[in-house]
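So the structure is just underneath, and the comments pick up after that.
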Amino acid sequence: MGEEKRELEFKTEVSLLLTAITLFAVAMFFYSYQGAVSDNAALSISLAYPYRGIALAFVGFGSVSMVTASISYSKRSKDILH
14 MGEEKRELEF
24 KTEVSLLLTA
34 ITLFAVAMFF
44 YSYQGAVSDN
54 AALSISLAYP
64 YRGIALAFVG
74 FGSVSMVTAS
84 ISYSKRSKDI
94 LH
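Residues in the sequence shown are numbered from 14 upward in steps of one, following this note's numbering.
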């Protein structure tokens, strides 16, 4: 039973890390996406980069996912050492 639990925890950690990497990649695309901007609207960053808010949210969720996986791994590695 203990081995199954460790395997499940490992799969969960890997899934969280893959989710974080995916969210970071999508956020990078959204953050750098530049919409079609006319000359008059070139001064407005919110119009030039319309998806930056979404990108920052993805980075936030990715960071939480990565921190959760790291905490889980550190707890598991402490259990293995003791």
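Heads up, the beta-carbon is just placed ideally off N, CA and C, and yes, glycines get one too. Keep in mind it's a predicted model, so treat the numbers as computed, not measured.
Could you have a look at Y5 and say whether DSSP puts it in helix, strand or coil?
Any question about residue 5 goes unanswered here, given that the chain covers just 14 to 95.
Suppose contacts are defined by Cβ-Cβ distances below 8 Å. Is A82 in contact with L36 by that definition?
no
Mind the definition here: the stretch 39-48 touches the stretch 20-27 only if three or more C-beta pairs lie below 8 Å; say whether that holds.
no
Would you tell me roughly how many angstroms separate the C-alpha atoms of Y9 and A68, rounded to the nearest one?
Shown here, the chain extends from 14 to 95; a query on residue 9 therefore has no answer.
Would you mind sorting S78 into buried or exposed? The rule is 16 or more other CB atoms within 10 Å of its CB.
buried
Assign A33 to one of two classes, buried (16 or more other C-beta atoms within 10 Å of its C-beta) or exposed (fewer than that).
buried
G48 - DSSP class collapsed to helix/strand/coil:
coil
Cα-Cα separation between G75 and L31, rounded to whole angstroms:
9 Å
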